[in-house]
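First to last, the protein sequences are chains A and B.
Mapping the first sequence onto this note's numbering, position 165 (from 1) lands on 165, and the numbers just tick up by one.
To convert a position in the second sequence, counted from 1, into this note's numbering, add 169.
Working notes for the structure below.
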Amino acid sequence: MFSSDPNEPTVALAPQRSSRPARTPRFLIADDSPEDRAIAFFAFTAVEELQSAKIDFVEDGEELLLYLRGQGKHVGRRKAPLPDFVLLDLNMPKKSGLEALAEIRSDAALRDLSVVVLSTSSSPTDKRAIEELDAVDFMTKPEDFETLVEFFRYLARFFYDESYGVYRV
Amino acid sequence: MFNGLSAFENSLAIRWFTPRGTAAIQAFLSDLAENEGRRGAEILASLRRRGVEEDQLDLRGVDFRGESLSGIRFPRADLSSASFVDCDLQLSDLSGSCLDGARFVGAKLRGAKLTRASLQGADLRNADLRQADLSGADLRGSLLAGAHFDRCLLASANLEGIDRRCADLSVAVWRQPTGKVATGPRAQLRPQTSRPGRPPTTEPRRATTRRRAPRPRPVVRQPPAPRAADSFDQALTDLLTLRGSVERIVVVVDGVERVLLGSVLPMAPV
Numbered sequence: 001m002f003s004s005d006p007n008e009p010t011v012a013l014a015p016q017r018s019s020r021p022a023r024t025p026r027f028l029i030a031d032d033s034p035e036d037r038a039i040a041f042f043a044f045t046a047v048e049e050l051q052s053a054k055i056d057f058v059e060d061g062e063e064l065l066l067y068l069r070g071q072g073k074h075v076g077r078r079k080a081p082l083p084d085f086v087l088l089d090l091n092m093p094k095k096s097g098l099e100a101l102a103e104i105r106s107d108a109a110l111r112d113l114s115v116v117v118l119s120t121s122s123s124p125t126d127k128r129a130i131e132e133l134d135a136v137d138f139m140t141k142p143e144d145f146e147t148l149v150e151f152f153r154y155l156a157r158f159f160y161d162e163s164y165g166v167y168r169v
Numbered sequence: 170m171f172n173g174l175s176a177f178e179n180s181l182a183i184r185w186f187t188p189r190g191t192a193a194i195q196a197f198l199s200d201l202a203e204n205e206g207r208r209g210a211e212i213l214a215s216l217r218r219r220g221v222e223e224d225q226l227d228l229r230g231v232d233f234r235g236e237s238l239s240g241i242r243f244p245r246a247d248l249s250s251a252s253f254v255d256c257d258l259q260l261s262d263l264s265g266s267c268l269d270g271a272r273f274v275g276a277k278l279r280g281a282k283l284t285r286a287s288l289q290g291a292d293l294r295n296a297d298l299r300q301a302d303l304s305g306a307d308l309r310g311s312l313l314a315g316a317h318f319d320r321c322l323l324a325s326a327n328l329e330g331i332d333r334r335c336a337d338l339s340v341a342v343w344r345q346p347t348g349k350v351a352t353g354p355r356a357q358l359r360p361q362t363s364r365p366g367r368p369p370t371t372e373p374r375r376a377t378t379r380r381r382a383p384r385p386r387p388v389v390r391q392p393p394a395p396r397a398a399d400s401f402d403q404a405l406t407d408l409l410t411l412r413g414s415v416e417r418i419v420v421v422v423d424g425v426e427r428v429l430l431g432s433v434l435p436m437a438p439v
């Protein structure tokens, strides 16, 4: 009905879409456990839409801040953009996840980073502290591999829209 | 940060893509359709983040892309940086909403009510705004290329900083439909076809003795004869302008009733 209207805009209504990604989505996982890092890596690679994503790992809160600020052994990071998404474990040596998150939120250059807290802890005190520090989400570490894959699949929709088969416009 | 989103917008938007965020949005949309969003605050409480007013729903950066939201009425919500790309929002009520930086690319906003909405920096490219009510809306710095403004009401709208060459605003309506000049701050831009107003003068007006105008003769006006609409589209257009006083529009096509208002029923070509 509307297509027959002579007043229909001459410009196509559909947004311009590109079949190529604008750029690679970047993820950072902060976890001291090598097993958990390996599980997270395999969960990422299991998600088809994140095949082109770049994943980096850090082992404690201190290294996380060095990575984000491009200092120490991560001095080369400054050439690359900040990660689009940080997955943060709470219980880490040197600097805990909560301390690192508090520093991220107080740093003007880092305060808007998207951080999801992933931890074995489910204490209400931790949850309240995380909410106050404006984390995107909080989830207890899933026991099975499939749940983690499913979580990453959800996130992938932000970067790669399945219904259009292209990256976000 | 990602595809033109700032890190802040990125962090506001990505929360809707977690399993919890996705479930919350589905629950919110059902509540909106069934209960006019009365349970919205409860549903979205866990995803609320700092920076919005206490009594507002925090829907910043939400992605409603491709959703059919025709006729929907949004409660008091902060929808800044939200995505309504390719969304069906015909006859929806978004009046007074905060839609700064929202994306309406290709959205169908025909007959939508956006009075006094804040649309600063919004992306309305290729949006269908025919007969939408944008009176008093703040459109500063918005992108309007390819948007369709036929009979869109733009009285008192603020259009500072928009690129007029990109959008044909001459087909819009610049005054209130009563014929009365719009109150409040005048629209910043007016179509070239509009009649130029009286030039401003600093001199005080002289007191003159006015001759009383003769009383006009009473004119008996005949009510206009009802005329058949030229086309189905014209009939629908006429009906859409009466949306405030019409609850239900039923069209009978080949003996089959089709409900138009408050429905998303696709229409067969007539």
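Where a beta carbon is used, it is the ideal one built from N, C-alpha and C, also for glycine.
Would you mind working out which of Arg279/B, Asp337/B, Asp332/B sits nearest Gln259/B, comparing C-alpha positions?
Cα-wise, what sits closest to Gln259/B is Arg279/B.
Are the C-beta of Ala281/B and some C-beta of chain A separated by less than 8 Å?
Not an interface residue.
Which same chain residues end up closer than 6 Å to Gly70/A when comparing Cβ atoms and leaving out the 5 residues on each side of it in sequence?
Only Arg77, Arg78 meet the Cβ criterion.
Is there at least one Cβ from chain A nearer than 8 Å to Ile183/B's Cβ?
It does: the Cβ of Ile183/B has a partner Cβ on chain A nearer than 8 Å.
Mind listing the chain A neighbours of Ser261/B? Cutoff is C-beta to C-beta under 9 Å, in chain order.
Taking a Cβ-Cβ threshold of 9 Å, none of the residues of chain A is close to Ser261/B; the smallest such distance is about 17 Å.
State the DSSP-derived secondary structure class of Asn327/B, mapped to helix, strand or coil.
Under the three-state reduction of DSSP, Asn327/B is assigned to strand.
Buried versus exposed call for Thr187/B [16 or more other C-beta atoms within 10 Å across all chains shown]
Counting Cβ neighbours within 10 Å, Thr187/B comes out buried, since at least 16 surround it.
Would a check of beta-carbon distances place Asp107/A closer than 8 Å to chain B?
Answer no: the Cβ-Cβ gap between Asp107/A and chain B never drops below 8 Å.
If I follow the unbroken alpha helix (DSSP H) through Lys127/A, where does it start and stop?
Segment 124-132, the alpha helix (DSSP H) holding Lys127/A.
Just curious, the beta strand (DSSP E) that Leu87/A is in, first and last residue?
Taken as a continuous stretch (DSSP letters only), the beta strand (DSSP E) holding Leu87/A covers 85-88.
Endpoints, alpha helix (DSSP H) assigned at Ser106/A:
Run containing Ser106/A: 97-106, per the alpha helix (DSSP H) assignment.
State the Cα-Cα distance for the pair Leu66/A and Lys73/A, rounded to the nearest angstrom.
Taken atom to atom, the span from the alpha-carbon of Leu66/A to that of Lys73/A is near 8 Å.
With 8 Å as the threshold, decide whether the Cβ of Ala326/B is near any Cβ in chain A.
No - not a single Cβ of chain A is within 8 Å of the one on Ala326/B.
Tell me, please, whether the CB atom of Phe44/A is closer than 8 Å to any CB atom in chain B?
Not an interface residue.
In DSSP terms, what Leu118/A is bridged to
Looking at the DSSP assignment, Leu118/A forms a beta bridge with Met139/A.
On the three-state DSSP scale, how would you describe Arg242/B?
Note: Arg242/B maps to strand in three-state DSSP.
Would a check of beta-carbon distances place Thr362/B closer than 8 Å to chain A?
Residue confidence for Thr362/B is low, a pLDDT of 40 falling below 50, so the modelled location carries little weight and cannot support an answer.
Same chain, Cβ closer than 6 Å to Gly270/B, five either side skipped, listed in chain order
So the qualifying residues of the chain are Ser249, Ser250, Gly290.
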